[in-house]
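What follows is a single structure, written as structure tokens, with notes after it.
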Amino acid sequence: AGPSPEGEAMAGELDRALGEHAAPIRQLLRQREADGGAAAGPPTDRDRYRLFAAVAHAVIATAQAAPTALVLDDLHWADRPSLDLLRHVVFAAAEVGERERLPLMVVGLHRPVGEDTPLAGLLSSLQRERICQTLL
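Just so we're aligned, residue 237 is where the sequence shown starts under this note's numbering, counting upward by one.
Listed below in structure tokens is the structure:
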């Protein structure tokens with residue numbers, strides 16, 4: 237059985253909203269589907285950057301259309317590629333926010349982590365930016 241008419245309509249809306257950035261996201265979804273849902277990273281750095289740019293564009297476009305809150309729970313379990321994606325999205329949104337109003341709030345929840353973890357590195361870089369606040 238193929239996708240439902242509703243699913244195809246949503247996919248069409250996503251393609252229109254993302255424009256040129258829809259292809260990398262679709263590619264990732266196809267890879268995950270082919271691997272039975274297992275996480276499969278893009279094969280090259282260029283593809284990885286295209287995916288990161290596409291996701292950042294999607295988040296930014298969503299926030300430009302309506303106030304948006306992105307809540308990410310259990311970041312202490314996130315792998316390095318996921319945290320790299322989060323870093324890219326946050327800094328891309330901050331760059332756009334410097335030029336125009338961007339009603340976007342990203343909330344990351346995590347347990348305490350050791351200094352040598354990937355999350356600690358991300359938190360350290362985010363805490364140096366004025367766009368970020370830490371709440372205990």
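C-beta: ideal position from N, C-alpha, C; glycine also.
All figures in this text were calculated on a predicted structure; none of them were measured in a lab.
Annotation for Pro260: Arg286, Leu287, Ala290 place their beta carbon closer than 6 Å to its own, counting only its chain and skipping 5 residues before and after. Taking C-beta atoms under 8 Å as the contact rule, Thr304 and Pro354 fail to qualify, at a distance of about 25 Å. For the 9 Å CB-CB criterion, Leu359 and Val349 form a contact.
The beta-carbon separation of Leu254 and Ala294, rounded to 6 Å, stays under the 8 Å limit for a contact. Nearest to Thr298 by C-alpha distance, out of Thr280, His346, Leu311, Val325, is Val325. Beta-bridge analysis with DSSP links Thr304 to Leu340. Counting only residues of its own chain and dropping the five nearest sequence neighbours on each side, Leu311 has a CB closer than 6 Å to the CB of Gly344, His346, Leu355. Judged by beta-carbon spacing, Gln263 lies within the 9 Å limit of Asp283, meaning their Cβ atoms are closer than that value. Closest in C-alpha terms to Leu362, from the list Glu249, Glu244, Leu319, Glu334, comes Leu319. In the DSSP annotation of this structure, the continuous segment of the alpha helix (DSSP H) that includes Asp320 starts and ends at 316-335. Within the same chain, and ignoring the five residues on either side of Ile296 in sequence, the residues whose Cβ sits closer than 6 Å to its Cβ are Ala329, Val332. Distances from the alpha-carbon of Arg366 to those of Asp352, Glu244, Glu351, Glu334 put Glu334 closest. Relative to the Cα of Leu308, the nearest Cα in the group Met341, Ala245, Gln267 belongs to Met341.
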